[in-house]
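**Student:**
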Amino acid sequence: MNRRGFLKAGVKAGAAAALLSGPVSAFAMRGAKVVVIGGGYGGATAAKYMRLLSGHTLDVTLVEPQKEFISCPLSNLVLGGSRTLADISRPYATLEKHHGVRLVHEMATAIDTTARTVRLSGGSQLRYDKLVLSPGIDMALDSIEGLADANAAGQIVQAWKAGAETLMLRRQLEAMPDGGVYAITIPEAPFRCPPGPYERACQVAWYFRQFKPRSKVLVLDANQDVVSKPALFKKVWDEQYKGIIEYRNQHKAVAVSPKDGLIRFDVQGDVKADVINALPAMRAGKIALQTGLANMANNRWCGVNYQSFESAVAKDVFVIGDAIQVAQLMPKSGHMANNHAKVAAAAIVAQLNGLDVNPAPMLTNTCYSYVDDRHVVHVASVHEYVAAERTFKVVQGSGGLSAGPTELEGRHANTWARSIWADMLE
Ligand SMILES: Cc1cc2nc3c(=O)[nH]c(=O)nc-3n(C[C@H](O)[C@H](O)[C@H](O)COP(=O)(O)OP(=O)(O)OC[C@H]3O[C@@H](n4cnc5c(N)ncnc54)[C@H](O)[C@@H]3O)c2cc1C
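With the working numbering applied, the sequence shown closes on residue 1842, and no number is skipped along the way.
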């Protein structure tokens, strides 16, 4: 490590150590093993911060099938055409090189919470003392008739995990004739990234306005109203995308037929579209469900003790990120997952050292949305753990909302992305 890198690591380690109530002991850590499943916003951050908080003594293995990290935040801009997938991808190798996190590029296929083992797709097994799960979400494709088959055939994709589907959807938009219709259906909240579908509508409309000006964007929302930043999005649609974006609330998609380009709803009449981007209901990633950790909301989300993010049903298993049952007004966002990870990492290192777990963790959130290639709006909040109610609550008067889209916020959004990727991976 060069001098600058060393100083940077020292500053980070100092800041990270402030999350603990006392000094850690290399002796206490000796032999302790932590396995992290999922190297997204939650898992990669947890792996790195456990290494930092333990003075690089804790044995941390990150299980993640992808060779490089691809960000969902900013992936809507790939659909709009102002970014490439390469712009929003980062290598995992830095976690190993800078922080000594052991990387295993396989899927975790089974967890035995009694034997404390994780089985991997290659057939081998990892033993753990503490396990962190950040598997993100899975799509309940079966909640919309015809969607699973349409997805398998590549006719209707979600692109709600950035990567191959993002490129497929972009190609569908490019192939659509001018005068065509793109329709996005939005499930009932909660779902991954509350502002995400509305940002996507802006990005597709921005592309259409330049290259296919007679085309339309239909936003078909199962909810009563736009779930995040409603006034801001509606103002942008009215001012920048009038005649292109049309919003319809209370449209819960129940069936799709890609052959006829049809979407069927529970109450409202059918809608025809050239490109269908049907987002079904979402639930915690499969590995969490199959381990029995999703004990909330009809077994969709994982209940946790919010002070530490330890599972409500399995000891020494910590669940973070989108897979958890959220507290009030806590969005399923990358920024939140990154914050959950730090609380869980500190709790794990404290427990392994016999220290008190932080009694009053705090979380912050910021969600930026690009309304074109440069102009951005944001919403922000601060959440405090209220011990008496064992939940997180928004700190009164904290956070805020943009007055309207600006280029300055566009620069902040870009810096936010680069900073959080560095915080997770470098
Ligand atoms: C279009 C879009 C825009 C968004 N914009 C923003 C934004 O601007 N700001 C923001 O804060 N958030 C945004 N989000 C939300 C953000 O992407 C998620 O909240 C965040 O990724 C959640 O982190 P996570 O760790 O729970 O899941 P992920 O980041 O999805 O990570 C899960 C990881 O687990 C791995 N995995 C799953 N199962 C297994 C297994 N069995 N074994 C091993 N690995 C496994 C996956 O490969 C994946 O890498 C956006 C989301 C979308 C879709």
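Ideal Cβ positions, reconstructed from N, Cα and C, are used throughout, including at glycine. The structure displayed is predicted, hence computed values, not measured ones.
(1) Which complete beta strand (DSSP E) runs does the region 1434-1513 hold, if anything under 3 residues is left out?
(2) Let me know the secondary structure DSSP gives Val-1672 once reduced to three states.
(3) Pick from Trp-1576, Gln-1656, Pro-1551 and Ile-1504: whose alpha carbon is nearest that of Val-1787?
(4) Report the start-end ranges of each beta strand (DSSP E) in the region 1644-1729 that is 3 residues or longer and not cut off at the edges.
(5) Can you tell me which of Gly-1455, Ala-1460, Val-1452 and Leu-1468 puts its alpha carbon nearest to the alpha carbon of Ala-1766?
(6) Provide the residue(s) that pair with Leu-1536 in DSSP beta bridges, ordered along the chain.
(7) Please state if the CB of Ala-1566 and the CB of Val-1672 are separated by a distance shorter than 8 Å.
(8) Could you tell me which uninterrupted beta strand (DSSP E) segments, each at least 3 residues in length, are contained entirely in the region 1598-1649, listed from first to last along the chain?
(9) Just to confirm, is the Cβ distance from Leu-1636 to Thr-1582 under 8 Å?
(10) Check Gly-1426 in the structure and name its three-state DSSP category.
(11) If you measure from the CB of Arg-1616, is any heavy atom of ligand 1 nearer than 7 Å?
(12) Can the beta-carbon of Ala-1700 be found closer than 8 Å to that of Ala-1647?
(13) Three or more C-beta pairs under 8 Å: does that hold for the region 1719-1729 against the region 1767-1784?
(14) Could you tell me the boundaries of the alpha helix (DSSP H) in which Glu-1823 lies?
(15) Measuring CB to CB, does Ser-1631 end up less than 8 Å from Gly-1596?
(16) Taking DSSP as the reference, what is the three-state secondary structure of Ala-1796?
(17) From the DSSP output, in three-state form, read off Asp-1558 for me.
(18) Check for me: the alpha helix (DSSP H) holding Lys-1546 runs from which residue to which?
(19) By Cβ distance, which residues of its chain are closer than 8 Å to Trp-1837, with the 5 residues on each side in sequence left out?
(20) Does the region 1801-1809 come close enough to the region 1458-1468 that 3 or more CB-CB pairs lie under 8 Å?
(21) Nearest-angstrom Cα distance between Val-1733 and Lys-1546?
(22) Is the separation between the beta-carbon of Thr-1510 and that of Asp-1839 shorter than 8 Å?
(23) Can you give me the C-alpha to C-alpha distance between Gln-1666 and Asp-1641, rounded to a whole angstrom?
(24) When the Cα atoms are used, what is the spatial distance from Glu-1615 to Asn-1492?
(25) When we look at the beta-carbon of Glu-1480 and count the other beta-carbons within 10 Å, is it buried (16 or more) or exposed?
(26) Once the 5 residues before and after Ala-1605 are set aside, which same chain residues still bring their CB inside 8 Å of it?
(27) What does the Cβ neighbour count give for Ala-1524, buried or exposed, with the cut at 16 atoms within 10 Å?
**Tutor:** For this structure:
(1) You should have 1449-1453, 1475-1479, 1484-1486 and 1505-1507.
(2) Strand at Val-1672.
(3) Selected option, being the one with the closest Cα: Gln-1656.
(4) Runs of the beta strand (DSSP E) lying entirely within the region 1644-1729 and spanning at least 3 residues, in chain order: 1661-1664, 1669-1673, 1678-1681, 1691-1694 and 1698-1700.
(5) A check of alpha carbon separations from Ala-1766 across Gly-1455, Ala-1460, Val-1452 and Leu-1468 identifies Leu-1468 as the nearest.
(6) In DSSP, Leu-1536 forms a bridge with Ala-1524.
(7) Taking 8 Å as the cut-off, the beta carbon of Val-1672 is found closer than this to the beta carbon of Ala-1566.
(8) Within the region 1598-1649, the complete beta strand (DSSP E) segments at least 3 residues long are 1632-1637, listed from N- to C-terminus.
(9) Inclusion of Leu-1636 and Thr-1582 in the CB contact set at 8 Å is not warranted, their separation being larger than that value.
(10) Model confidence at Gly-1426 stands at a pLDDT of 41, short of 50, so the residue's coordinates are unreliable; what they give is reported in the following sentence. Of the three classes helix, strand and coil, the one that applies to Gly-1426 here is helix, per DSSP.
(11) Set against 7 Å, the gap from the CB of Arg-1616 to the closest heavy atom of ligand 1 is smaller.
(12) No, Cβ-Cβ distance for Ala-1700 and Ala-1647 is not below 8 Å.
(13) Yes, since at least three Cβ pairs between the region 1719-1729 and the region 1767-1784 fall closer than 8 Å, the two stretches touch.
(14) 1823-1841 is the span of the alpha helix (DSSP H), which, as asked, contains Glu-1823.
(15) Yes. Within cutoff.
(16) Correct three-state label for Ala-1796: strand.
(17) It is helical.
(18) Here Lys-1546 belongs to no alpha helix (DSSP H); instead the beta strand (DSSP E) covers 1546-1549.
(19) Cβ neighbours of Trp-1837 beyond the five flanking positions: Phe-1485, Ser-1487 and Arg-1506.
(20) Touching, no.
(21) So the two alpha carbons sit approximately 6 Å from each other.
(22) Cβ distance not < 8 Å, so Thr-1510 and Asp-1839 don't count as in contact.
(23) Within the model, the alpha-carbon separation for Gln-1666 versus Asp-1641 is close to 8 Å.
(24) One C-alpha to the other measures close to 7 Å.
(25) With a threshold of 16 other beta carbon atoms within 10 Å, Glu-1480 meets it and is buried.
(26) Excluding its 5 nearest sequence neighbours in each direction, Ala-1605 has C-beta neighbours in its own chain below 8 Å: Asn-1639 and Val-1643, listed in chain order.
(27) Flag for Ala-1524 reads buried.
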